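Worksheet: the structure to be examined is printed underneath.
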Amino acid sequence: MEIRSLDIPAEVRDFYLSSGIGNLYPPQAEAISKGLLEGRNVLAAIPTASGKTLLAELAMLKSIARGGKALYIVPLRALASEKFDRFREFSGIALKEGGVKVGISTGDFESRDEWLGSNDIIVATSEKTDSLLRNGTSWMEDITTIVVDEVHLLDSANRGPTLEVTLTKLMKLNPGCQIIALSATVGNAYEVANWLGAGLVLSEWRPTDLMEGVFYGGSINYRTSQKQVHDASGDDAINLVLDTLEDGGQCLVFESSRKNSVGFARRAGMKVAGLLDKRTRAALDDIVEQVIEAGESDTAKVLAQCIRNGTAFHHAGLNSAHRRLVEDGFRSNLIKMVASTPTLAAGLNLPARRVIVRSYKRYDPNFGMHPIPVLEYKQMAGRAGRPHLDPYGEAVLIAKSYNEMEMLFENYIEANAEDIWSKLGTENALRTHILSTIVNGFATSRDGVMEFIEATFFAHQNDTWGIVSVVDECLDFLREKKMLQGETRLTATSLGKLVSMLYIDPMSAAIIIEGLDKATHVTELTLMHLICKTPDMRQLYLRAGDYELINDLVLSRKEEFCEVPAPFRATDYEWFLGEVKTALLLLDWINERSMDDISKVFNVGDGDIHAFAELAEWLMHSLSRLAAITGHDKAGMAGSIEKRIHYGARQELMELVGIRGIGRVRARKLYDSGLHSIEEVRKADPAVLGGLLGPRTAEKLLREIGARPGIRPGGGTDGNPDPRTMDSLMESEQSTFSDFER
DNA sequence: ACTACTCCCATGTAGACAGCATGTC
DNA sequence: CTACATGGGAGTAGT
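Counting along the first sequence from 1, when you hit position 421 you're at 420 in numbering that gives the first Met the number 0, and nothing is skipped either side.
Encoded structure:
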């Protein structure tokens with residue numbers, strides 16, 4: 000089917016023609032025939048890279064041409080910005096004055112454009128969409144097209160219920176709205192399509208061929224053929240990597256743990272290095288430099304070493320700069336192999352000639368090592384083959400025996416992806432969504448709640464009589480915690496409204512309020528531990544040797560905790576110690592312990608530290624608001640800790656850290672040289688600032704606070720610098736030198 | 001006496017969304 | 001209730 004023949008505005012047609020897209024892929028054509036351009040709902044369950052985005056784009060643009068507005072829901076922030084960047088290319092399409100406008104809304108980023116609702120396309124995560132709905136965003140009712148990306152995430156225990164409830168609310172709010180759902184191929188796609196009232200496009204078609212095989216006995220075995228792999232290293236997986244490189248391709252290796260991904264990248268690097276040409280090596284050295292600049296932790300050093308050899312690892316412990324460097328380095332074909340945890344399995348567009356699944360098992364605390372779902376394998380395998388660049392893609396599993404090979408063929412390569420199941424039916428999921436449903440007036444009674452649930456995917460798959468009792472338990476809980484009131488007619492209290500708005504689990508709110516009630520001797524530790532107790536916080540686990548250390552601390556500061564469980568309840572007590580350990584990490588963060596130290600002591604990556612801080616900031620904000628509304632006097636204290644978590648610094652730096660471009664490290668340098676306030680910095684000798692922070696940063700700093708950047712090239716100073724300033728100047732010089740040595 | 005290698009056992013285990021108001025090294 | 005890859009330390013054979 001040709002773009003020319005489609006019933007779309009000429010501007011849209013020309014946009015695609017001029018970007019070189021003239022024909023539709025078969026699944027896209029099928030979606031058109033199911034009424035995509037006539038406003039019908041469509042569920043496209045097709046592989047990655049088979050053109051899902053184009054489907055969505057056509058429908059959105061057509062709708063916008065008629066004066067509509069589109070909402071594009073994604074599961075990941077990274078995906079949101081990827082789509083946002085893509086849709087911004089529409090600004091040249093003259094469907095209306097000024098072109099098509101795009102906005103983005105995620106928890107950490109909201110587009111500057113006057114107001115989100117003035118955009119034609121809004122990209123948002125599912126949780127942000129839910130949050131926007133909870134806060135009664137007015138333009139939600141103007142939405143005419145909704146795109147749901149990765150709709151199979153309905154199956155996720157954590158996040159599926161949110162997506163499900165959000166979609167249900169949107170459908171109730173906008174009955175006439177067109178829904179385009181995009182999904183991986185799953186067993187029961189028809190069931191989801193049915194729920195959405197959508198036409199189903201089900202296809203395995205890919206623009207690039209995919210060969211799936213199992214490596215065993217020195218060769219890759221496909222069902223009908225075999226490919227010998229030269230044993231150049233003594234390690235099966237490394238041989239597969241080298242084989243791909245010699246063939247001119249790149250490799251993506253999926254590992255089951257961070258440690259394994261780092262280890263494999265390192266080992267493979269020793270062999271890969273020999274295959275690099277001079278130009279590539281030079282370009283890689285450039286990336287290495289940036290890696291070292293972006294963090295001096297041990298992981299940074301190891302990553303730098305790997306990249307020098309043309310390999311890299313990728314997991315959530317990396318900081319965002321490192322992640323981006325790895326992704327970009329791989330995309331530009333400089334990094335030849337990336338060993339990754341499932342971070343890269345779904346979401347980001349990062350294809351490779353060959354995908355190696357080094358382990359199809361993953362640890363689960365309940366089940367030991369457990370085989371991953373077929374759906375997940377298919378997502379990893381689907382990364383193989385770059386459209387238009389590779390002749391084909393290959394996905395390879397590794398077997399240690401003939402039987403295992405047979406098993407892998409049967410259970411993965413030839414298997415169909417699992418069915419997806421709603422996870423809404425648990426008290427955990429219902430508690431929070433029932434509250435928001437009532438807060439927003441989607442339901443005003445117990446019957447109303449049940450009626451709402453009848454419209455969800457859960458009810459589409461199950462009889463709902465089974466969860467009536469669960470609903471009642473939730474309602475009792477919410478009433479008992481004073482978030483709801485009334486018997487037949489249910490209304491939210493101001494507390495309930497606040498909890499829904501803050502987007503925290505009502506259970507978290509209950510724990511925080513109870514803790515505030517009980518606490519007698521309130522310190523930073525008290526509040527920090529309190530937020531670490533909530534189910535919304537992520538926990539650190541106790542490692543061997545932690546017990547004693549943390550137990551000692553608990554005993555010596557017992558009165559600062561709102562409650563210490565009895566040590567003889569071993570599991571409870573260990574869980575409690577885990578919470579305390581998490582609180583200690585956060586305390587180290589706000590007391591300016593170096594990232595490197597925190598990394599080592601708590602055995603976490605830079606990326607984790609930021610993730611913990613981000614969560615804690617949100618929960619501390621919530622604590623502050625909850626304290627205020629329940630009449631506790633700790634709201635102010637929580638508020639200032641919240642700010643300290645944001646910057647990772649002590650109270651005394653709060654003024655300096657407010658300057659753009661100055662964070663915890665630079666502010667500390669300034670403070671320790673006697674510059675305690677913006678005013679003092681403004682009056683300081685520019686040359687001294689230059690010595691402290693480097694001339695360029697100093698100049699930026701002075702511009703930022705509205706002072707004249709008057710640093711002289713020679714670095715001469717007026718008068719005698721205070722000796723303390725001199726010391727720290729020397730120190731900073733030294734650290735600069737040692738940075739260079741490495 | 002020192003080194004290279006093997007074996008055994010302790011150890012630790014993926015990812016990532018949300019508030020609010022603007023910008024880390 | 002369920003596993004397994006990794007790496008460090010101890011022990012051993014070789015020079």
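By construction, the Cβ of each residue, glycine as well, lies at the ideal position given by its N, Cα and C atoms.
Keep in mind that this is a model prediction, so the values were computed, not measured.
Inspect the beta-carbon positions of residue i and residue j and report whether they are closer than 8 Å.
| i | j | result |
| --- | --- | --- |
| M513 | C473 | Per the sequence shown, the amino acid found at residue 513 is Glu instead of Met. No; because the gap between Cβ atoms is not below 8 Å, this pair is not in contact. |
| M619 | A648 | no |
| F312 | A345 | no |
| R448 | I433 | One detail in the question is off: residue 448 reads as Val in this sequence, not Arg. Yes, Cβ-Cβ distance for V448 and I433 is below 8 Å. |
| L396 | Y411 | yes |
| Q160 | S125 | Before going on, a small fix: residue 160 reads as Pro here, not Gln. No, they are not a contact pair. |
| A123 | L131 | yes |
| E591 | R663 | yes |
| I530 | L622 | yes |
| D545 | K580 | yes |
| R357 | A508 | no |
| V147 | L166 | yes |
| Y215 | A398 | yes |
| A418 | G106 | In the sequence as displayed, the identity of residue 418 is Asp instead of Ala. Against a cut-off of 8 Å, the Cβ pair of G106 and D418 comes out as no contact. |
| D230 | G217 | yes |
| L524 | N550 | no |
| A394 | A414 | no |
| Q177 | N40 | yes |
| I589 | R643 | yes |
Any idea which residues DSSP pairs residue i with across the strands?
| i | result |
| --- | --- |
| C250 | M336, R353 |
| A383 | A351 |
| V687 | None; V687 has no bridge partner. |
| V395 | G212, I355 |
| V745 | This structure cannot settle anything about residue 745, because the visible part of the chain is limited to 0 through 741. |
| R649 | Per DSSP, none; premise fails for R649. |
| K360 | P370 |
| L625 | Partner(s): none; L625 has no beta bridge. |
| F108 | T105 |
| A491 | L483 |
Could you give the C-beta distance for residue i and residue j, rounded to a whole number, given that I count them as a contact under 8 Å?
| i | j | result |
| --- | --- | --- |
| L489 | T443 | 6 Å |
| L36 | D6 | 5 Å |
| L407 | Y359 | 7 Å |
| L199 | L42 | 5 Å |
| I742 | L60 | A query on residue 742 cannot be resolved here, the shown segment of the chain reaching from 0 to 741 and no further. |
| T128 | I72 | 5 Å |
| K68 | W114 | Actually they are not in contact, since the Cβ atoms of K68 and W114 sit about 13 Å apart, beyond 8 Å. |
| P779 | P206 | This structure leaves residue 779 out entirely; the chain is present only between 0 and 741. |
Here's the rule I'm using: 16 or more other beta-carbon atoms within 10 Å means buried, otherwise exposed. How should residue i be labelled?
| i | result |
| --- | --- |
| V680 | buried |
| A416 | buried |
| M536 | buried |
| S32 | exposed |
| E375 | buried |
| E651 | exposed |
| M317 | Contrary to the premise, residue 317 reads as Leu rather than Met in this sequence. Label assigned to L317: buried. |
| E678 | exposed |
| T298 | buried |
| V11 | buried |
| P174 | exposed |
| L16 | exposed |
| F567 | exposed |
| V600 | exposed |
| M210 | buried |
| G713 | In this predicted model, G713 has a pLDDT of only 39, less than 50, meaning its place in the structure is not dependable; the value taken from the coordinates is given anyway. Under this definition G713 is an exposed residue. |
| K95 | exposed |
Between the options, which has its C-alpha nearest residue i's C-alpha?
| i | options | result |
| --- | --- | --- |
| V354 | N332, G248, A156, R280 | G248 |
| L423 | Q460, D671, E393, W138 | Q460 |
| G440 | I219, P564, R556, L483 | L483 |
| L251 | A192, G21, V185, L349 | L349 |
| L494 | T487, R478, R330 | R478 |
| E794 | I20, G19, I45, F14 | Because the chain spans 0 through 741 in this model, residue 794 falls outside it and cannot be assessed. |
| L584 | R568, P206, L388, G604 | G604 |
| S598 | E295, E96, R352, A282 | E295 |
| A77 | E254, G135, F108 | F108 |
| D208 | F366, G367, G19, G392 | G392 |
| W617 | H645, H321, L343, S49 | H645 |
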